[in-house]
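Since the structure comes first, as structure tokens, the remarks are kept for the end.
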Amino acid sequence: MATPSVGWCLDAQFHATKRGRVIQTVRERYLRDDIPCCISSCIPCSSIDSRNRRLALSSHPNNNEYLMPSIRVILSQMDLIEHSTKKNLGFECFKDLIILESVWQAVKKADIGLWHRLRALTTNQDRHFIYFANEYHHECFMPTNVEPGQDTKEAELNRQNKAVVKACQWYNQHLEIIESKQVNPKIVILVQDQQEMELMKALGAPHVTMIESAITRVKNSCPELLDLVSNAVLPLHELGVDTKRNKTLYSQHVNMSDMLTGIKNRRYFQGILRLQDNQREANVIISLPAKVNGEQGKGTRIPIFIDGKKNMNRAIDGDTVAIELLPRKEWTKASDKFIPEEMPSVNSEQKSEPDGLENDSDEEGCEAAVEEPTLPMEQADVVELSQKFDLSSMKPCGRVIGIVKRDSRNFCGSLEPNQSATRSTSFLFIPMDRKIPKIRIKTCQAQTLMDQRLLVSMDSWPADSKYPLGHYVKTLGKINDKETETKVLLLTHDIASDEFSEEVMRCLPPENWKITNENSKGRVDLRHLPIMSIDPPNCKDIDDALHACRLDNGNYQVGVHIADVTHFIPSGNALDNEAVSRGTSTYLVDRRLDMLPSLLTTKLCSLTSIEDHFAFSVLWELRLTEFDVEIVNVEFCKSIIRSCASLSYQEAQIFLDDPSIDDLSSAGTRALDLQKSYAEGDTSSKSAVIGGGIKTLHVIAKHLKKKRMEAGALTLASPEVRFVLDAETQNPLDVQMYALRDTNALVEEFMLLANITVAKKIVRHFPSFSLLRRHPAPSTRQFDVLCSQAKAIGIELHVNSSKQLQQSLDLSAKRAASTNKQKNHLDKLLRIMCTRCMMPARYFSSGEMTPAEFHHYGLAAPIYTHFTSPIRRYADVVVHRLLAAAIGIAPVPADLEDKSKLQDLAEHLNRKHHAAQMAGRASVTLHTILYFAQNPTVTGGVITRVKKNGIGVLLPQFGIEGTILFKEDTKSEMESVLQTVVTFDADRHTLWINEMQESSDQSIERSLQVFDTVDINVFVSTYNTRQRLKMSILPMNSLNAKRSSLPVSDKEQRPMQRRKITSQ
């Protein structure tokens, strides 16, 4: 064989920086003529690749054609291309595809997620997708040629199209040489639409076909292929939209070039659009330059309010948008009404906007659900910045003028029933995410899909379309099926539920791994200590264990021992990367989705009492007095431990309540004797040692908590419930309040102590790249509404500091208990509502903030981190590595020394932590719906908010919250409406409504004030095949309604009945 020729050229490429600058890079590119074509019948190329045999194109392609997709096809039609038709057709519709290097790199640059999917197809032996390095092929390489004045992006796109055509020409010529058949296979460029086909032919492409033509032959046998075609290529009239009657509903977006120039010149501003739970209000945080705000060298971030769909201009939640500020006279105030999740249909005279964009649904009211315990994470920055610049009265407003980058993702939901045209192929898809608008899709499977949960991708949103256009991706399962709905909530919150890959599993130690002298060198042996774990019942992933013992000098040793996960996870391997990607374990009502494989989470790392384990231990020497506890010394070490007992909180509480067991201080020298005998293997002393240790830990924990409270720590609350599940079906049988015991508080105190102690240690050694957790102090303005609500019922809250707030809550609890027995629910409710005013805690890199900003407001701790749960949180894994480096037993991983990378990791972990919390709450809501669908209930609720058109209600027994809306008091509707609004007193947080009497033509005027208890009917309604948890307030005359016992009060508290009036 002849020696292959190698040439080279200078390759110039243009790149855009993060700041928008375009720079040119020039590099040498070596070109070869020995790159194989990967056609199995090509003998010369087979000999070239004989040493490294890759996947090859089959000898008999479909329709005698090898397909070469363009960049647009891969970017737009990946769902269609990767769909397998082998089950329906007996063969793959999209098989034998040639993926060019130029296409490969363009896709990787545009969408890394799509690139990973494309890469997976090139490794699938059934699909025969081959990768051809045309950018390094002597006859296929297309150099960059930018004409004077030509846009660089346009030039690069033109080069890429020419590269595809040139590769297609070479392949067809190559086939003519190697094939001896009468009819040789053809290489056909696969394009998106007619316009791209004409472009490719104009560039000299020998064979071109459109994506829809490629599936024409099989569409009857496999109709779902038509549904998978991206609607970006379909005109509106093919989607059932009457384009003749349609007018332009939205403003045209500014073209990309002008938009980027405007952003650079500060005419426009760039930011990420974040919607509220409704689709009518959004915020974009923009950055103003120093010359605008008067500060030198530092810009200022300001939240801009986007009001209404017209101003959002087809942007959806998560899009990176360009906005322009509206004139000050168009700025707005915060609404004093509840905004319904969906507005009722109205006639044209009643529309709030002439284009009808705001009125596109058929139901009113808001769905009840489990609320976030603190301010939602996506709103935290908006609130913080609004308070910083005193934007509470008037909000700066803007409008979207263009979309810099779409937040490309798939959406879960279902089809809206189409009543007007049973033969139509155009349907509206209703996403489960309330922030996402309905999406118009085209489907030939409507009857099959109508009762199914679907995955749909959004393709485009024309200015003359009320809804965005999209296409069907796949079916997830039957609506209201528990497994399907669980799959939906996991997809919605981007929670990984797939099995761990083979590459990840290969990183694990063998199943029979054991502790040996060799692998435990350098560890401190602590197996003689009475270490125990205290966890929820049936806990499998035990992260932490504790011990307490008496020292010979009269002091006490307390230890917190954390599973040494990092021993099994080297930094940077596939297992570590997967743990980074998942970020945290996710706990649903009926299952747990682990961050790490089960071999680690439930066996090797879990600190069970059946075998020895590796741990990372923090050991304190404490001096305990009657009124205080003092830390004398602290040590950190990698250790070997053996837990003597794996206790549940209830089991530990039994030891704590046992009067026959003394704590170690009361036991005196007997405690030392018991400890010694236990260390020597005397099991008869085990119970006494465990019990004494728990009681001692409890005494110390009370002192630690007292010191925290004196420093200003808060004792807040959130409504938590637990479900009793059927052993077989896992469906909910009962809902119960989560019971907290003294042992819960005991464990919490020592975990807090360990986290604070470790945080101090790592920052002392690595001040610029430690991973910490901060809780920003809320502004007093965040409490304005709550303070006003409390004042309306005679309670004064002082919120200038956490200590003042805690003292106010304690004082109000005492007063409520002594003066009004019927409002003894107020203590917990006020603490829940205070929690709602808080900012969420966040991870951050210490190098990105000043030490004053490290403060954790809720804990009143100057510094804090997460160290105690490495089995289920990756942040703790990072902290373990930093601590190991701080005590000199391991080097610092290189990626942690880069503080900007560490900050990116912190932001990623914040997102994954929030997503896991949201998924957990969604699971609780799902099981609550399943419960109430079978058990409609009348129960006690507490009014938490009062506005002009309704009330917010919390059901403490079930931990759910919702809003109840009332009709406006219109005479024409009086006879058909049960409850209507009369007047609203904002200062007293009181709403007066009229209630129609069921047995007469009279109505009663009734007052509803914040913190009143009311009887609530909780039920499940079905709208557009979606089950929703709803609430309604029982009329005062419904005295015979069956109700469960009110958890909020020992006695029933009825709202005030003022007077009877006659309806007119």
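Heads up, the sequence shown is in full-length UniProt numbering, so the first residue is 1 and it goes up one at a time. Ideal placement from N, C-alpha and C gives every residue a C-beta, glycine not left out.
query: Going along the chain, which residues of its own chain have a beta-carbon closer than 6 Å to the beta-carbon of LEU67, five neighbours each way excluded?
result: Residue 67 sits at position 67 when you count from the first residue of the sequence shown. So the list reads LEU97, VAL188, LEU190, once near-sequence residues are dropped.
query: So, LEU228 versus ALA922, is the Cβ gap smaller than 8 Å?
result: Translated into positions along the sequence shown, residue 228 becomes position 228. Translated into positions along the sequence shown, residue 922 becomes position 922. In this structure, ALA922 does not lie closer than 8 Å to LEU228 by Cβ.
As assigned by DSSP and simplified to three states, the class of HIS83: If you number the sequence shown from 1, residue 83 lands on position 83. Residue state, collapsed to three classes: coil.
field: Nearest-angstrom Cβ-Cβ length linking SER770 and LEU882, presumed shorter than 8 Å
entry: Taking the first residue of the sequence shown as position 1, residue 770 is located at position 770. Taking the first residue of the sequence shown as position 1, residue 882 is located at position 882. Sure, about 6 Å apart at Cβ, within 8 Å.
message: Give me, in chain order, the residues of the same chain whose beta-carbon lies closer than 7 Å to that of GLN169; leave out the 5 immediate sequence neighbours on both sides.
response: Translated into positions along the sequence shown, residue 169 becomes position 169. Correct list, in chain order: GLY204, PRO206.
query: In or out: SER900 buried (at least 16 other Cβ within 10 Å) or exposed?
result: The residue labelled residue 900 in the question sits at position 900 within the sequence shown. With fewer than 16 Cβ atoms within 10 Å of its Cβ, SER900 is classed as exposed.
query: Between the region 865-882 and the region 452-460, are three or more C-beta pairs nearer than 8 Å?
result: Segments in contact, no.
- prompt: From which residue to which residue does the beta strand (DSSP E) around VAL400 run?
  reply: Numbered from 1 along the sequence shown, position 400 holds the residue referred to as residue 400. Where VAL400 is concerned, the enclosing beta strand (DSSP E) stretches over 398-405.
query: For GLN650, which option in LEU978, LEU624, THR743 has the closest C-alpha, if you only look at C-alpha atoms?
result: Here residue 650 corresponds to residue number 650 of the sequence shown, with the count starting at 1. The residue with the shortest Cα to Cα distance from GLN650 is THR743.
message: Within 10 Å of its beta-carbon, does PRO778 have 16 or more other beta-carbons around it, so buried, or fewer, so exposed?
response: What you label residue 778 is simply residue 778 of the sequence shown in a count that begins at 1. Buried, since its Cβ has 16 or more Cβ neighbours within 10 Å.
message: For the structure I just gave you, are there three or more beta carbon pairs, one from the region 471-478 and one from the region 440-451, closer than 8 Å?
response: yes
message: Can you tell me where the alpha helix (DSSP H) holding THR486 begins and where it ends?
response: Within the sequence shown, numbered from 1, the residue matching residue 486 stands at position 486. Note, THR486: alpha helix (DSSP H), 482-492.
- request: Can you tell me which of the three DSSP states TYR136 falls into?
  value: Locating residue 136 in the sequence shown gives position 136, where the first residue counts as 1. TYR136 falls in the helix class under three-state DSSP.
message: Quick test of your reading: GLU139 and GLU101, contact by CB under 8 Å. State the CB separation rounded to the nearest angstrom.
response: Looking up residue 139 in the sequence shown gives position 139. Looking up residue 101 in the sequence shown gives position 101. Incorrect: roughly 14 Å between the Cβ atoms, too far for contact.
- request: Pick out the complete alpha helix (DSSP H) segments inside the region 706-769, 4 residues or longer, and give them in chain order.
  value: Qualifying alpha helix (DSSP H) stretches, in chain order: 742-765.
message: Between which two residues does the alpha helix (DSSP H) holding MET918 run?
response: Sequence index remark: in the sequence shown, residue 918 carries index 918 (1-based). First-last of the alpha helix (DSSP H) with MET918: 899-934.
- request: Just the C-alpha distance for GLN903 and PHE844, rounded to the nearest angstrom, thanks.
  value: Position 903 of the sequence shown, counted from the start, is the residue given in the question as residue 903. Position 844 of the sequence shown, counted from the start, is the residue given in the question as residue 844. Approximately 6 Å, taken between the alpha carbons.
field: Cutoff 6 Å; reference ASP277; Cβ partners in own chain excluding five residues on either side
entry: Stepping through the sequence shown from its first residue, residue 277 is reached at position 277. So the list reads ARG434, once near-sequence residues are dropped.
message: Could you give the first and the last residue of the continuous alpha helix (DSSP H) run that contains ASN283?
response: Against the sequence shown, residue 283 aligns to sequence position 283. Careful: ASN283 lies outside any alpha helix (DSSP H), inside the beta strand (DSSP E) at 281-288.
query: Closest to LYS405 by CA distance: which of SER213, ASP459, ASN231 is it?
result: For the purposes of this step, residue 405 is identified with residue 405 of the sequence shown, where counting begins at 1. Looking at the Cα atoms, ASP459 is the closest of the given residues.
task: May I have the straight-line CA-CA distance separating GLU748 from ASP985, to the nearest angstrom?
output: Counted from its first residue, the sequence shown places residue 748 at position 748. Counted from its first residue, the sequence shown places residue 985 at position 985. C-alpha separation (whole angstroms): 43 Å.
task: Following the continuous alpha helix (DSSP H) through TYR66, name the residue where it begins and the one where it ends.
output: Position 66 of the sequence shown, counted from the first residue, corresponds to residue 66. Not the alpha helix (DSSP H): TYR66 falls in the beta strand (DSSP E), residues 65-69.
query: To which residues of the same chain is PHE91 closer than 6 Å at the C-beta, ignoring the five residues directly before and after it?
result: For the purposes of this step, residue 91 is identified with residue 91 of the sequence shown, where counting begins at 1. Within the same chain, PHE91 has no close Cβ partners at all.
task: Excluding the 5 residues preceding and the 5 following ASN755 in the sequence, name in chain order all residues of the same chain whose CB lies nearer than 7 Å to its CB.
output: The count along the sequence shown starts at 1 and reaches residue 755 at position 755. Cβ within range, chain order: TYR864, THR865, HIS866, PHE867, THR868.
field: Where the beta strand (DSSP E) through TYR1023 begins and ends
entry: Here the question's residue 1023 lines up with position 1023 in the sequence shown. Where TYR1023 is concerned, the enclosing beta strand (DSSP E) stretches over 1013-1023.
- request: Taking SER497 as the reference, give the member of MET532, GLY583, ARG774 with the closest Cα.
  value: On the sequence shown, position 497 is the one that residue 497 refers to. Per the Cα distances, GLY583.
query: What residue range is occupied by the uninterrupted beta strand (DSSP E) comprising ILE323?
result: In the sequence shown, the residue the question calls residue 323 occupies position 323. Run containing ILE323: 320-325, per the beta strand (DSSP E) assignment.
query: What residues in its chain sit with their C-beta under 6 Å from that of ALA790, if we drop five residues either side in the sequence?
result: Within the sequence shown, the letter at position 790 stands for residue 790. Counting only Cβ-Cβ distances below 6 Å, and skipping sequence neighbours, we find LEU797.
- request: Please report how far the alpha carbon of LYS947 lies from the alpha carbon of LYS109, in whole angstroms.
  value: The residue you call residue 947 lines up with position 947 of the sequence shown. The residue you call residue 109 lines up with position 109 of the sequence shown. The alpha-carbon atoms of LYS947 and LYS109 are separated by roughly 49 Å.
message: With a threshold of 7 Å on Cβ separation, who are the neighbours of LYS478 within its own chain once the five nearest residues in sequence on each side are excluded?
response: Along the sequence shown, one-based indexing puts residue 478 at 478. Excluding residues within five positions, the ones whose Cβ falls inside 7 Å are ASP451, GLN452, THR484.
- prompt: Expressed to the nearest angstrom, what Euclidean distance is found between the alpha-carbon atoms of GLY691 and ASP663?
  reply: Residue numbering aside, residue 691 sits at position 691 when the sequence shown is read from its first letter. Residue numbering aside, residue 663 sits at position 663 when the sequence shown is read from its first letter. Computed Cα separation, rounded: 7 Å.
query: Between ALA916, PRO417, SER59, VAL735, which lies nearest to CYS38 when the distance is taken from Cα to Cα?
result: Along the sequence shown, read from residue 1 onward, the residue named residue 38 stands at position 38. Comparing Cα-Cα distances from CYS38 to each of ALA916, PRO417, SER59, VAL735, the minimum goes to SER59.
- prompt: Counting only runs that start and end within the region 623-704, where is the alpha helix (DSSP H) found for 4 or more residues in a row?
  reply: 649-657, 664-667, 669-679
Three-state secondary structure (DSSP) of THR3: Position 3 of the sequence shown, counting from 1, holds the residue named residue 3. Its pLDDT being 44, under 50, THR3 is placed unreliably by the model, and the measurement read from it follows with that caveat. Three-state DSSP puts THR3 in coil, outside helix and strand.
field: As assigned by DSSP and simplified to three states, the class of VAL107
entry: Along the sequence shown, read from residue 1 onward, the residue named residue 107 stands at position 107. Reduced to three states, the DSSP call for VAL107 is helix.
- prompt: Starting from residue 1066 and walking both ways along the beta strand (DSSP E), at which residues does that stretch end?
  reply: The requested residue 1066 does not occur in the structure, where the chain is confined to residues 1 to 1064.
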